[in-house]
Amino acid sequence: MVCLGNICRSPLAEGILQSKLSLEKFKIDSAGTAGYHVGELPDKRSIEVAKKYGIDITNQRSRKFTKKDFDEFDMIFAMDRSNYDDIVAMSDNVTQRKKVKMILNELYPGEDMGVPDPYYGGNQGFENVYQMLDEVCEIIASKIRK
């Protein structure tokens with residue numbers, strides 16, 4: 001799960017998907033395309049909305065996406081077009097590029113919609129993003145379980 005700073009959207013997506021899959025079978029992580037917040041906790045509003053739904057993301061720390069992630073993960077989900085473009089620009093080959101997907105395409109195939117960044121908005125923006133990610137992560141988890 002990849003967003004810009006790895007403190008709002010991608011930590012929520014990581015926590016939500018982890019809540020839907022066995023962590024003994026799957027490695028789920030998140031990162032940011034920028035290193036603004038490396039080592040920091042997720043945004044307190046992300047922590048609060050996740051907690052509201054019984055998910056604890058306080059063990060996460062922001063990190064920057066690296067080329068190594070192409071080797072570590074089978075699927076890489078970008079939260080928006082800018083993140084997608086940044087990730088693809090780091091890839092070395094077609095195999096790596098095929099791993100990168102716009103996350104909402106799992107819910108709205110081919111529409112390339114982005115998950116809005118709630119950072120500068122109020123608490124309702126975080127709630128809306130949570131609901132969006134919960135819905136799409138259920139689809140992803142269902143596909144992975146098969």
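Just so you know, we're using the UniProt record's numbering here: the sequence shown kicks off at 1 and counts up by one. Cβ coordinates follow ideal geometry from the N, Cα and C atoms, glycine included. Since the model is a prediction, treat every value here as computed from it, not as a measurement.
query                                                                                             : result
DSSP three-state assignment for F65, whether helix, strand or coil                                : coil
Close beta carbons around N6, own chain, < 7 Å, minus the five adjacent residues each side        : S30, A31, G32, H37, S62 and R63
Cβ-based burial, residue 185 [other Cβ within 10 Å; buried from 16]                               : Summary: the structure shown does not reach residue 185, with the chain confined to residues 1 through 146, and so no result is reported for it.
A141 burial status per 10 Å Cβ neighbour count (16 or more: buried)                               : buried
Residue environment, P109, which counts as buried when at least 16 other CB atoms sit within 10 Å : exposed
Cβ distance (whole Å) where V129 is taken to contact V115 below 8 Å                               : 6 Å
Cβ pair A78, V2 closer than 9 Å                                                                   : yes
Cutoff 8 Å; reference L133; Cβ partners in own chain excluding five residues on either side       : R9, L12, A13, I16, I103 and V115
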